[in-house]
Every structure is written in C-alpha cells, then in structure tokens.
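> Each residue of the sequence shown is one higher than the last, beginning at -19 in this note's numbering.
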Amino acid sequence: MEHLSHDILIIGGGAAGLRAAIAAAELNPKLDIAIVSKVYPMRSHTVSAEGGMAAVLRTDYDNFDLHAYDTIKGSDFLADQDAVEFFVKEAPKESIRLEHWGCPFSRDPDGRISVRAFGGMSVKRTLFATDKIGFHLLHTLFQTSLKFENIRRYDEWFATSILVDNGQVDGVTAIDIRSGELVSFLAKAVVIATGGCGRIYQFTTNGWIKTGDGMAMAYRVGVPLKDMEMVQYHPTLLPNTGILITEAARGEGGHLLNKDGERFLKRYVPNKMELGPRDILSRAEMTEIKEGRGFEGPYGSYVNLDLTHLGAETIEAKLPFVKELAERYLGIDPVHEMIPVRPGQHYMMGGVHTDIHGYTGLPGLYAAGEMACVSMNGANRLGSNSLTECLVFGAEAGIGAAEYAIKQRSPSFGNPVQGLALEEEKRIYDRVLKSETGEKISTVRAEMQKTMEEHACGLLGDLKKRMKNAVVEDKDRVYNTDLVSALELDFMLDIAETIAYAALARKESRGAHSRTDYPKRDDVQFLKHLVVYETGTVPRIDTMPVSITRWKPEARVY
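#1: For the alpha helix (DSSP H) that contains Ser494, what are its first and last residues?
#2: How close, in whole Å, do the beta carbons of Gly(-6) and Thr26 come, if the pair is a contact with beta carbons under 8 angstroms?
#3: What's the call for Asp45, buried or exposed, on a 16-neighbour Cβ count within 10 Å?
#4: Expressed to the nearest angstrom, what Euclidean distance is found between the alpha-carbon atoms of Leu287 and Leu237?
#5: Which whole runs of the beta strand (DSSP E) in the stretch 318 to 352 are 3 residues long or more, in chain order?
#6: Give the range of the alpha helix (DSSP H) segment to which Ser366 is assigned.
#7: Spatial neighbours of Thr417 within its chain, please: C-beta separation below 7 angstroms, excluding the five flanking residues on both sides.
#8: How is Met208 classed by DSSP in three states: helix, strand or coil?
#9: Within 10 angstroms of the Cβ of Val537, are there 16 or more other Cβ atoms? Answer buried if so, exposed if not.
#10: If distances are taken between C-alpha atoms only, which option among Ile93, Gln212, Lys444 comes closest to Ser262?
#11: Terminal residues of the continuous beta strand (DSSP E) containing Ile(-10)?
#12: By Cβ distance, which residues of its chain are closer than 6 angstroms to Phe275, with the 5 residues on each side in sequence left out?
#13: Does the Cβ of Glu129 have 16 or more other Cβ atoms within 10 Å, making it buried, or fewer, making it exposed?
#14: To the nearest angstrom, how far is the alpha carbon of Asn186 from that of His326?
#15: Since Ile189 sits in a beta bridge, which residues does DSSP pair it with?
#16: State buried or exposed for Trp137, treating a residue as buried only when at least 16 other CB atoms are found within 10 Å of its CB.
#17: For the 8 angstroms Cβ check, are there 3 or more pairs between the stretch 305 to 312 and the stretch 325 to 342?
#18: With a threshold of 7 angstroms (Cβ to nearest heavy atom), would Gly31 be considered close to the ligand NAD?
#19: Flag this pair as touching only if the stretch 241 to 253 and the stretch 387 to 399 have three or more C-beta atom pairs under 8 angstroms; answer yes or no.
#20: Quick one: Cα of Ala198 to Cα of Ala382, how far?
#21: Any idea what DSSP makes of Glu74, helix, strand or coil?
#22: For Glu468, which of Cys437, Ile421, Asp497 has the nearest alpha-carbon?
#23: Using the Cα positions of Leu484 and Thr124, report the straight-line distance between them to the nearest angstrom.
#24: Tell me where the beta strand (DSSP E) around Met101 begins and ends.
#25: Going by Cα to Cα distance, which pick from Asp335, Gly349, Leu224, Ala375 is closest to Lys301?
#26: Taking the alpha-carbon positions, what's the Gly438 to Met447 distance?
#27: May I have a chain-ordered list of the beta strand (DSSP E) segments no shorter than 3 residues that lie completely inside the stretch 224 to 248?
#28: Hey, Ala375 and Gly491: beta-carbon distance below 8 angstroms or not?
#29: Could you spell out where the beta strand (DSSP E) holding Tyr134 opens and where it closes?
#30: Of all the options His(-17), Ala480, Glu232, which has the alpha carbon lying nearest to the alpha carbon of Thr110?
#31: Got a sec? Which residues, its chain only, sit under 8 angstroms from Ala63 by beta carbon, not counting five neighbours each side?
#32: Specify the secondary structure class of Tyr20 as computed by DSSP and reduced to three states.
#33: Check Asp286 in the structure and name its three-state DSSP category.
#34: Please state whether DSSP places Gly280 in a helix, a strand or coil.
#35: Answer with buried or exposed for Pro320, where buried requires no fewer than 16 other C-beta atoms within 10 angstroms of its C-beta.
#36: Expressed to the nearest angstrom, what Euclidean distance is found between the alpha-carbon atoms of Gly114 and Ala29?
Written out as structure tokens, the structure reads:
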C-alpha cells in the first residue's frame, strides 16, 4: 500500500470543497493542501445548480434581519439562529468576492448584479447568472484554485474511510479509480465536502455521484448525523427523468396549474402562490394529484408549469437552460407549451453535525456543504441559500482546518493507523471484490430506493445483511465502476437507515417532515434536533437543543 502525506486533505471538489481549499491556502501559503475528488471537479454536482444564490446586496429594501427571518421561518423554526445570523452577514462578502474572482453574474441596465424572487424569500435577493449559476460559480472557484501552487488535486480518487488514532483524525484511505489501488493519505486535518445522498431515492434531482460517502465515513468513526429526517422534495421535476426545472422559472413569474387550469396554490399559500417554500408546494401538488386534479401521463401523475405568458424574450434571456431542458428531454417548447412537473427528492437539510466553523467535534475533522448540518436549514431549506452556504461555511471549514493543522505535528504511518488502513484494504479487496456468488449490486440498490419511498426501518436492516453477500461482477481493478458502486451502496444503506430511524423518532410534522399520524408541529416535544449515532446494530437517537436568539417560534403561514 502506498502512503501519501499532506497538511490538509479536502474530500470533495465541489463548491464547498474548493472554497475550503482556497480559504486554507490564503490563510497560509506554506500549507500543503490536497483535494481528493471522485470526479473531475467541474463534474461535481454544484454544476447542476440553476436558480441563483441568496445574499443581501440591495440594502435600499433588504437587510440581514429580513434574510435571517425568512430563513428561520422557512426552516419551520428548527434552524440554529446563531448559525443563520452568521450566514446572512457573511453571504454578501462571499458574493462580492466571487464576483471579483470573475463569476459572470447577470446584470441590470445600471450595472448592478441582477436579483430575482425565490420561494420563501420576502423580497428579491437571489443573485443569478441566467439559469446556470452553478456552472459559472464552480468554474470561478475551480479557476481561482488553480492560482495556488500549494493546492494539489487527486481527481477520480474515491475516499473509503477516515483514519482515527488516539481520538483524532490522521487521514483517509482512498482508491485511485484509474488503477484500483488503495492508498493511505496522512493529514493533520481533513475537510469533508462530498455533497448529499439523494441517490438513496429512486426519483431525485441528484446526479449519480450523490451517494452520501462523507456522511457515512464520519458516521462510522463516531461523529453524529443531525436532522437526517429532514429530506427536501423539490416541486418541479420532469416526470420522465427527474431533471430539475429551476425555481427561477417561478421566480420569473411561472404558474403551477392543475388539470382544471386552476392556479391551485391559492388554497395552500395564498399570499405567496408559486413563491411559497418547497416543502409546502410539493405537498400541495401531491394533494392535488391524490384528489384527482392532476394529469396522468406515461410516467405517472403530474401538474403543469406554465411559462407561456412570460413570452419568448424573457424565457430566452433569463431561462435559456429551462427552454433547452424542456426541448431536449420532452420535446416541448415552453414558449408555447406547458411543462409537466412533479415533486421529487432534491436536498438534505441534515448531515454531519458541525459548529459554525465546520468543526465536527472529532479533532482534525471538519465538514461543509450539503453533507454538513450546521444547522441553518432546519426542517426546510429556502431555495438559493445553499450555494451561498457552500461558500460561507466552506470558507469557515477551510480556515478552521488550516488553523488546526498549523499547530499539529505530521502524523506518522505506524500502528494503529497502519492497521486500520490494512483492515480497510482487506474489507475492499478480500470481502467486497472477491465474493463470487450472491445478489447483484443493482438489485439491492433498487430495493433500497423502493424501500425509502414506501417503508423503511426493518427492511433496510435486511438489505444491509444482503449487501454483505452481494457480488461485484467485474473483478478487474482498473476503472472498476462496479466496485465503486458497491462501496457507494454500502455507504447509502448506512445513511438510509439513519433517515428512517430519525423520521420514526420525530412524532410531529415540521417542514419537510410530514406524518399523517402526527399532522401538527409539536414545539413542546420536538423543538430540538435529533442526532443519530452509529452503534453497530440499530442507530441510536439523541437530541440537541435548537439555538434561538431573537425569533420565537410562530405559526408558519404564507
């Protein structure tokens, strides 16, 4: 086994990981920083973001308190308010910094960065770059990272475990996907920024790489996962593919219609209509469908998104990617025809527990982005907060890791670290790869996805047992995507179980978490975070208080 060493390891090359690397490199140019990513950074899922990023730049009508209140109300009062206040104050700085680095934001005629309306936001504060903000933001961060000679990249390397010695992180193990060889990376500090876990679900906006790797690795070394029951569904996915039609389409004035041609949201969010929060809109669509007011098509039930009244000029200027997606994947021109949409899994509010500075509680381990839970999103994230969150808390995690690394001695590759790495090598090559008979990985994965849509706890335990006997059909090591899929599925089953057990424990309905047997929010019993610990058997559920600074819980009415 080869051993490599760096001062700081960042696992994940998306917005949060790149921002963490830049922040660490700026803090101390002498630090040796490495980014380990299972895909080339420009293929990270950040590139898929379409609508925009939220920040208070229009101070003539907007302010920090208003952004904080919208975020806290949107979270159904489960967000930690100290984290939200920190976030809204840092968001404009990060946005301006990104603009100075070269992000090509859309502009108003007077030269200011354009802003648009977004769901749950009381004013226009979502900065955008047509409807391709993720593409431009990720390009900007990636190109900026190239300026730093002390940042090294390991593209197409798949991290498999975190190495912990004497109560602190010493590095990770990772497979070089090109060669199939496992390597140990030693580091003084590790930042995990591997994104969400949407591929646990069958119908999701998430790309194939969103398999919860970082969440599971942290969970397996004793770091708790927080708010895992809070899984966001987005209201506008194409029924045939799950491809997202951005919230910007509604921000620019699009309407949601049922089969009667009615803007049905007047029954659910009369003061916000299409600009209501995602959790409420998704449930409203499902209610319309269940009560017979939806459409039926070859890919199931749906409602219509109508942009035709916006006109060709607006659609082509502000929503060109929406037009391209509708034409390419449905054969529909949204200038003249309505787009069929339905809800699907989109985002995880929950993740690895961290403080405001990305620290997980395990010395040397930091986390940021969708896989982390600070928690500023609580029970429901407002659209366009997540990209800015990646910048704000990615930077904090990078700074925290750098400050920690500066004070530490370089770890040495002796026992027990060597023993842990060799045990991981045996797990992957002697158990996962060598098994000759058993179920297909794809069969177990499909059953997991079906289970998450219908019923979970007991069946997931059975699937974890079956996974131990699953077979990797490709026995070669070079670019063995079958092996990577098996390891990803192993991670996903752990995370799926934490979601199911946390959802069972929260006996109320709050934000994205909706239960027919407990239909009301219960602030007496459940104004608290649920945290999940790995035990080797069923997950253990504990609680943490919600940080409330100035905004007392109130009825969430729009």
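A virtual CB, placed ideally from N, CA and C, is assigned to each residue, including glycine.
Reading it off the structure:
#1: To locate residue 494, count along the sequence shown from 1; it is residue 514. Ser494 -> no alpha helix (DSSP H), and no H or E assigned at all.
#2: Position 14 of the sequence shown, counted from the first residue, corresponds to residue -6. Position 46 of the sequence shown, counted from the first residue, corresponds to residue 26. Their Cβ separation, rounded to whole angstroms, is 4 angstroms, which keeps Gly(-6) and Thr26 in contact under 8 angstroms.
#3: Residue 45 sits at position 65 when you count from the first residue of the sequence shown. Exposed: under 16 other Cβ atoms inside 10 Å.
#4: Along the sequence shown, read from residue 1 onward, the residue named residue 287 stands at position 307. Along the sequence shown, read from residue 1 onward, the residue named residue 237 stands at position 257. Leu287 and Leu237: Cα-Cα distance of roughly 11 angstroms.
#5: 319 to 328, 331 to 333, 345 to 347
#6: Locating residue 366 in the sequence shown gives position 386, counting from the first residue. First-last of the alpha helix (DSSP H) with Ser366: 365 to 386.
#7: Position 437 of the sequence shown, counting from 1, holds the residue named residue 417. For Thr417, where only same-chain residues beyond five positions count, the Cβ hits under 7 angstroms are Val451.
#8: Here residue 208 refers to the residue found at position 228 when the sequence shown is read from its first residue. In this structure, Met208 counts as coil in the three-state DSSP scheme.
#9: Within the sequence shown, the letter at position 557 stands for residue 537. Looking at its Cβ environment, which holds fewer than 16 other Cβ atoms inside 10 Å, Val537 is exposed.
#10: Taking the first residue of the sequence shown as 1, we reach residue 262 at position 282. Closest by alpha carbon: Gln212.
#11: Position 10 of the sequence shown, counted from the start, is the residue given in the question as residue -10. Residues -18 to -9.
#12: Here residue 275 refers to the residue found at position 295 of the sequence shown. Once the five neighbours on either side are set aside, the close Cβ partners of Phe275 are Lys239, Tyr282.
#13: Walking along the sequence shown from the start, residue 129 turns up at place 149. Exposed, since its Cβ has fewer than 16 Cβ neighbours within 10 Å.
#14: Position 206 of the sequence shown, counted from the start, is the residue given in the question as residue 186. Position 346 of the sequence shown, counted from the start, is the residue given in the question as residue 326. If you take the alpha carbons of Asn186 and His326, they lie about 6 angstroms apart.
#15: Counted from its first residue, the sequence shown places residue 189 at position 209. Answer by DSSP bridge pairing: none, since Ile189 is not bridged.
#16: Counting from one through the sequence shown, the residue named residue 137 turns up at place 157. By the 10 Å Cβ count, Trp137 comes out buried.
#17: no
#18: As for the ligand NAD, it is missing from this structure, which has no ligand bound.
#19: no
#20: The residue given as residue 198 occupies position 218 in the sequence shown. The residue given as residue 382 occupies position 402 in the sequence shown. Approximately 19 angstroms, taken between the alpha carbons.
#21: In the sequence shown, residue 74 corresponds to position 94, counting from 1. Three-state DSSP puts Glu74 in a helix.
#22: The count along the sequence shown starts at 1 and reaches residue 468 at position 488. That would be Ile421, whose Cα lies nearest to the Cα of Glu468.
#23: The residue given as residue 484 occupies position 504 in the sequence shown. The residue given as residue 124 occupies position 144 in the sequence shown. If I take the Cα positions, the gap works out to 44 angstroms.
#24: Position 121 of the sequence shown, counted from the start, is the residue given in the question as residue 101. Looking at the DSSP string, Met101 is not in any beta strand (DSSP E), and its letter there is neither H nor E.
#25: Your numbering for residue 301 matches position 321 in the sequence shown. Sequence check: residue 301 is Phe here, not Lys. Nearest C-alpha to Phe301: Leu224.
#26: Locating residue 438 in the sequence shown gives position 458, where the first residue counts as 1. Locating residue 447 in the sequence shown gives position 467, where the first residue counts as 1. The alpha-carbon atoms of Gly438 and Met447 are separated by roughly 15 angstroms.
#27: 235 to 237
#28: Position 395 of the sequence shown holds residue 375. Position 511 of the sequence shown holds residue 491. Contact: no.
#29: Here residue 134 refers to the residue found at position 154 when the sequence shown is read from its first residue. That run of the beta strand (DSSP E) goes 131 to 135.
#30: Numbered from 1 along the sequence shown, position 130 holds the residue referred to as residue 110. When each option's Cα is compared against that of Thr110, the closest is Glu232.
#31: By 1-based counting over the sequence shown, the position of residue 63 is 83. Cβ within range, chain order: Ile336, Val354, Ser355, Met356, Ser527.
#32: Counting from one through the sequence shown, the residue named residue 20 turns up at place 40. Coil.
#33: As a working mapping, residue 286 is identified with position 306 in the sequence shown. In this structure, Asp286 counts as strand in the three-state DSSP scheme.
#34: Start at 1 with the first residue of the sequence shown, and residue 280 comes out as number 300. Strand.
#35: As a working note, residue 320 is residue 340 in the sequence shown. Buried, since its Cβ has 16 or more Cβ neighbours within 10 Å.
#36: For the purposes of this step, residue 114 is taken as residue 134 along the sequence shown, with counting starting at 1. For the purposes of this step, residue 29 is taken as residue 49 along the sequence shown, with counting starting at 1. Approximately 4 angstroms between the Cα atoms of the pair.
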